[in-house]
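Trainee:
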Amino acid sequence: MTTATTAAEVAAAELWELHASGAVAGSYPRVRGLLAELSGDDLRRAGALLSRVPVAEVLAAHPDTAVVRVAITGHGTLGPLVPALTVELARHGVLLEHRLGDFDGWVFDLGDPASELRVFGPDLLLCVLDPAIAADELPLPWTPDDLERVLAAKQALITGLVREHVAGGAGTLVLNTVPLPADLVGQLVDYRSRARVGALWREHDAYLLGLAAEHPGVVVLDLDPVLADGVPAVDPRLDVYAGAHLSVELLTAYAREVGHVARAVTGRAKKVLAVDLDETLWGGILGDDGAEGIEPSGTGRGAAFARYQRLVKQIGSQGVLLAAVSKNDREPVAEVLREHPGMTLREVDFVRVVANWNPKHDNIRELAADLNLGVDSVVFTDDNPFECGLVRSRLPGVAVVRLDSEPATHGRKLLRDNWFAALELTAEDGVRATRYRDDLARKDFLDTFESVADYLGELGVRVRLGRAGETEWDRVAQLTQRTNQFTMTAARLSSAEVRALAQDPDGLVLALHSADRFGDNGLVGALLAHRDRDALHLDNFLLSCRVFGRGVETAGLAALLRHAADSGVRGVRGAYRPTSKNGKVRDFYTRHGFALAGRDGDTELFHHDLVDLPGVPGHVRLRTDLEELR
Amino acid sequence: MTPRAHRPGSLDSVADLVGIVRTELGLPVTEESASVDFDEVTGWDSLHLLSLCSILEQRTGRALSLADVLEARTLAQVYALAAA
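Listed in order, the protein sequences are those of chains A and B.
Position one of the first sequence corresponds to residue 1 (UniProt numbering), numbered consecutively onward.
Position one of the second sequence corresponds to residue 1 (UniProt numbering), numbered consecutively onward.
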């Protein structure tokens, strides 16, 4: 055995030992931490090993492991995508359950509701578009006019398939822009024709990207930035001999992007960016160099740190909560954030600035607890390998982005894994940081009261329940995607699915808003239901973790039950499907007068006979805006 | 045997190739199975030849004919092509 020295070598060796001793499934929770150290060939090799481990074996040993169902279809050979997807999802702690369509079966796979891939019921339906889809149909000889005709026909075909998917399909359809191969455009000898081909091709890509804007439930991955980083589009040998029309390198990069989409649709997008300060946000060590000695901007390395600060601020403007976690004395850090003329980031940009000498993993754990989030919502970035290693080993759920002594590459390292990728932003994201800062103020306010009851009495909680308006459907979908603790079934819905339920005459999408003396909390909860004759089925009940413990959920449920009773409904049914994170709502229905009515697998079914209705908590002012249930 | 044991590698025998397949593709092949038709090798599919071809090219620093590699029916035949 060779002696492993680097962290990557140690991790690769350990993974190999697990594989060789048949222990991968049994040790699956360990795998994610090992993969965090790997890249390049090591990661490819890990994909080959992991793709041989049956999903069922991992679930038998670790039933709480998240699974994403992915259907893969396209024009060419896509087999090499499977190990790449396996390892990219495993990096996020997610198991891949996949179906691979037949070679060149994409039109049938997408268009036929009875196709194996659609019946599979995927969370993600990947339709990998490649240049051969158009190139294979060009006549010989061909002109730009021929290409224009072929691309127009493909656009019509793809649009039809997208409509079919949006109308009938669940899950998210993933398309991609298509690289323009040099071998294709080079077939034309004159620059005028080449320019026209380039324009037609880009118009085709723009058309595909437009489908994402037009149709909720469709994601179009833009492969241009990947290609711009030097990934080859096509490997001519694989193209000709194996019908693989995109290079393995490009499929690998594509798989990484799909991993980010999978994270977003399964509620695993990160919510907090915790940054170190010295050598991360500014050059130099504040404790040694003093405020005048550090470089948060300027020329040379200072310019690189300024650029990184701008990136962090930009990320913070989109609903990601920023925190600083630094080994420093508190006062000098506060002074720099308040007064240093070279700083881009200021105190107000952070929901919390932690500057002390405690271990960073303790600080991060406490930060997450104060924000009422799990540590696996946190991305931590630090230039110090020791701190990174310690956080990674003590808090395996935290995504650790290890920076180094070259600040010009800080940004690229942070962005590489798209940690904060979301399907779309809502108005809520723009004000999230403010809301969390209000929450921390509420906590301080709480500390001044003798009892929680006194506190709630003074808090002045107002709750409003009403049908979600059209402009709120995206936010409701986002709640289903982001909420992990207070969700009765953890069913993730796309915007298209929320829309469909809201427009269904028997469907009901209700929004819960709350506010108090510290400000408006916004749309914090959702009740999804459907009417079935004289029963109302409460499909899911969701509440943002920001407003736990204030009676908002009791007020919302009480209002719904009261309304159901007034509308002549005979009973309300609810279900609880346990996940690794929603244990705190297991007894939510029984605490409010529901009786256990049965089980369906691990799902518990409840029934409320609407005889004895729960009351609205005394400290809550409730407003209900509901018309009669149909 | 760790994945490092075969890197950077020579390719001096079928045993070397078997080791590469075990470490790079994670397939439990043996020297005995090197002469067995791929159809009879547990877990084998034709896409493995694509990966194997590029791994062997990296390893030996020589280009192989992918068209010929894709025609191979056994690991021994792949070795014959790579060692030729």
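No residue lacks a Cβ here, since even glycine has one placed at the ideal position from N, Cα and C.
If we ignore side chains and look at the alpha-carbon of each, how far apart do A:E57 and A:A25 end up?
Mentor: Residue numbering aside, residue 57 of chain A sits at position 57 when the first sequence is read from its first letter. Residue numbering aside, residue 25 of chain A sits at position 25 when the first sequence is read from its first letter. Going from the Cα of A:E57 to the Cα of A:A25 covers about 6 Å.
Trainee: By the three-class DSSP mapping on this structure, what secondary structure does B:V78 have?
Mentor: Taking the first residue of the second sequence as position 1, residue 78 of chain B is located at position 78. Helix.
Trainee: Could you tell me which chain B residues have their CB closer than 7 Å to the CB of A:H19, listed as they occur along the chain?
Mentor: In the first sequence, counting from the first residue as 1, residue 19 of chain A sits at position 19. Residues of chain B passing the Cβ test: G26.
Trainee: For A:G33, which of helix, strand or coil comes out of DSSP?
Mentor: On the first sequence, residue 33 of chain A is found 33 positions in, with the first residue counted as 1. DSSP places A:G33 in helix when its eight states are reduced to three.
Trainee: In whole angstroms, give me the CA-to-CA distance for B:D37 and A:Y241.
Mentor: The residue you call residue 37 of chain B lines up with position 37 of the second sequence. The residue you call residue 241 of chain A lines up with position 241 of the first sequence. Cα to Cα, the separation comes out at about 21 Å.
Trainee: Measure from the C-beta of B:M1 to each C-beta in chain A and report whether the shortest distance is under 9 Å.
Mentor: On the second sequence, position 1 is the one that residue 1 of chain B refers to. Bear in mind that a pLDDT of 41 at B:M1, under 50, signals an unreliable position, so the model cannot answer this.
Trainee: Just to confirm, is the Cβ distance from A:L126 to A:L59 under 9 Å?
Mentor: Stepping through the first sequence from its first residue, residue 126 of chain A is reached at position 126. Stepping through the first sequence from its first residue, residue 59 of chain A is reached at position 59. No, they are not a contact pair.
Trainee: If we ignore side chains and look at the alpha-carbon of each, how far apart do A:H361 and A:R394 end up?
Mentor: For the purposes of this step, residue 361 of chain A is taken as the residue at position 361 of the first sequence. For the purposes of this step, residue 394 of chain A is taken as the residue at position 394 of the first sequence. Going by the C-alpha atoms only, they are around 7 Å apart.
Trainee: Residues of the segment 42-72 of chain A in Cβ contact with chain B at a cutoff of 7 Å, in chain order, please.
Mentor: Those residues of the segment 42-72 of chain A that come within reach of chain B (Cβ to Cβ, closer than 7 Å) are R45, A48, L49, R52.
Trainee: Rounded to the nearest angstrom, what separates A:R45 and A:Q481 at their Cα positions?
Mentor: Translated into the one-based positions of the first sequence, residue 45 of chain A becomes position 45. Translated into the one-based positions of the first sequence, residue 481 of chain A becomes position 481. Their backbone Cα atoms lie some 32 Å apart in a straight line.
Trainee: Given this structure, state the Cα-to-Cα distance separating A:T280 from A:A477, to the nearest angstrom.
Mentor: Here residue 280 of chain A refers to the residue found at position 280 when the first sequence is read from its first residue. Here residue 477 of chain A refers to the residue found at position 477 when the first sequence is read from its first residue. C-alpha separation (whole angstroms): 35 Å.
Trainee: Would you identify the three-state DSSP class for A:G298, choosing helix, strand or coil?
Mentor: In the first sequence, the residue the question calls residue 298 of chain A occupies position 298. Coil, per DSSP.
Trainee: Evaluate contact between the segment 69-85 of chain A and the segment 405-415 of chain A, counting only Cβ atoms and requiring at least three cross-stretch pairs below 8 Å.
Mentor: No, the segment 69-85 of chain A does not touch the segment 405-415 of chain A.
Trainee: Which residues bound the beta strand (DSSP E) around A:L596?
Mentor: Sequence index remark: in the first sequence, residue 596 of chain A carries index 596 (1-based). 595-600 is the extent of the beta strand (DSSP E) around A:L596.
Trainee: Which one or two residues does DSSP pair with A:W282 in a beta bridge?
Mentor: Here residue 282 of chain A corresponds to residue number 282 of the first sequence, with the count starting at 1. Per DSSP, A:D278.
Trainee: Quick one: residues in its chain with C-beta nearer than 6 Å to the C-beta of residue 631 of chain A, no 5 flanking neighbours on either side, listed in chain order?
Mentor: Given a span of 1 to 630 for chain A in the structure shown, any question on residue 631 of chain A remains unanswerable.
Trainee: Out of A:G466, A:S544, A:S317, which one is the CA nearest neighbour of A:L371?
Mentor: The residue labelled residue 371 of chain A in the question sits at position 371 within the first sequence. It is A:S544 whose Cα lies nearest to the Cα of A:L371.
Trainee: Comparing alpha-carbon positions, which option in A:A555, A:R573, A:T554, A:G519 lies nearest A:H537?
Mentor: For this step, residue 537 of chain A is matched to residue 537 along the first sequence. Nearest C-alpha to A:H537: A:R573.
Trainee: Looking at the structure shown, is A:F486 part of a helix, part of a strand, or coil, going by DSSP?
Mentor: Working through the first sequence from its first residue, we reach residue 486 of chain A at position 486. The answer is coil: DSSP assigns A:F486 none of H, G, I, E or B.
Trainee: Taking A:P80 as the query, report the chain B residues whose CB atoms sit under 9 Å from its CB, ordered along the chain.
Mentor: Within the first sequence, residue 80 of chain A is the residue found at index 80, counting from 1. Those within 9 Å of A:P80 in chain B are L47, L50, S51.
Trainee: Let me make sure I understand the geometry here. Which of A:R517, A:A555, A:G230 has the alpha-carbon closest to that of A:Y455?
Mentor: By one-based count along the first sequence, residue 455 of chain A stands at place 455. Nearest option by C-alpha distance: A:R517.
Trainee: Does DSSP classify A:W540 as helix, strand or coil?
Mentor: In the first sequence, residue 540 of chain A corresponds to position 540, counting from 1. Reading off the sequence shown, one finds Asn at residue 540 of chain A, where the question assumed Trp. Strand.
Trainee: Cα separation between A:P385 and A:D112?
Mentor: Here residue 385 of chain A refers to the residue found at position 385 when the first sequence is read from its first residue. Here residue 112 of chain A refers to the residue found at position 112 when the first sequence is read from its first residue. Going from the Cα of A:P385 to the Cα of A:D112 covers about 52 Å.
Trainee: Could you check what DSSP says for A:D520 in three-state terms: helix, strand or coil?
Mentor: For this step, residue 520 of chain A is matched to residue 520 along the first sequence. Strand, per DSSP.
Trainee: Closest to A:R352 by CA distance: which of A:L251, A:L38, A:H75, A:A433 is it?
Mentor: Along the first sequence, read from residue 1 onward, the residue named residue 352 of chain A stands at position 352. Ranking A:L251, A:L38, A:H75, A:A433 by Cα distance to A:R352 puts A:A433 first.
Trainee: Going by the CB atoms, is the gap between A:W473 and A:R499 shorter than 9 Å?
Mentor: Counting from one through the first sequence, the residue named residue 499 of chain A turns up at place 499. Counting from one through the first sequence, the residue named residue 473 of chain A turns up at place 473. Contact flag set, yes.
Trainee: Does the segment 269-277 of chain A touch the segment 303-322 of chain A, meaning 3 or more C-beta pairs lie closer than 8 Å?
Mentor: Because the criterion of three Cβ pairs below 8 Å is met, the segment 303-322 of chain A and the segment 269-277 of chain A touch.
Trainee: Alpha carbons only, please: which of A:A369, A:P29, A:D123 is nearest the one belonging to A:A71?
Mentor: Here residue 71 of chain A refers to the residue found at position 71 of the first sequence. Cα-wise, what sits closest to A:A71 is A:D123.
Trainee: Residues of chain A with a CB under 9 Å from the CB of B:G43: which are they?
Mentor: Counting from 1 along the second sequence, the entry for residue 43 of chain B is found at position 43. In chain order: R52.
Trainee: Which of the three DSSP states, helix, strand or coil, is assigned to A:R192?
Mentor: The count along the first sequence starts at 1 and reaches residue 192 of chain A at position 192. Three-state result, A:R192: helix.
Trainee: Taking the runs of the alpha helix (DSSP H) that are 4 residues or longer, which of them lie wholly in the UniProt domain "Carrier" (8-84) of chain B?
Mentor: Whole alpha helix (DSSP H) segments, 4+ residues: 14-20, 47-60, 66-71, 75-83.
Trainee: Which class does A:L15 belong to by DSSP, given the choice of helix, strand or coil?
Mentor: For the purposes of this step, residue 15 of chain A is identified with residue 15 of the first sequence, where counting begins at 1. It is helical.
Trainee: Quick check on A:T299: buried or exposed, where buried means 16 or more other Cβ atoms within 10 Å of its Cβ?
Mentor: In the first sequence, residue 299 of chain A corresponds to position 299, counting from 1. By the neighbour-count rule (16 or more Cβ atoms within 10 Å), A:T299 is not buried but exposed.
Trainee: Would you say A:V452 lies against chain B (beta-carbon separation less than 9 Å)?
Mentor: For the purposes of this step, residue 452 of chain A is taken as residue 452 along the first sequence, with counting starting at 1. No, no contact with chain B.
Trainee: Could you compute how far the alpha carbon of A:A152 sits from the alpha carbon of A:L184?
Mentor: Residue 152 of chain A sits at position 152 when you count from the first residue of the first sequence. Residue 184 of chain A sits at position 184 when you count from the first residue of the first sequence. Roughly 18 Å between the two C-alpha positions.
Trainee: Would you grab the beta carbon distance between A:G319 and A:H92 for me? Rounded to a whole angstrom, and I think it's under 8 Å.
Mentor: What you label residue 319 of chain A is simply residue 319 of the first sequence in a count that begins at 1. What you label residue 92 of chain A is simply residue 92 of the first sequence in a count that begins at 1. Contact flag wrong, Cβ pair sits at about 19 Å.
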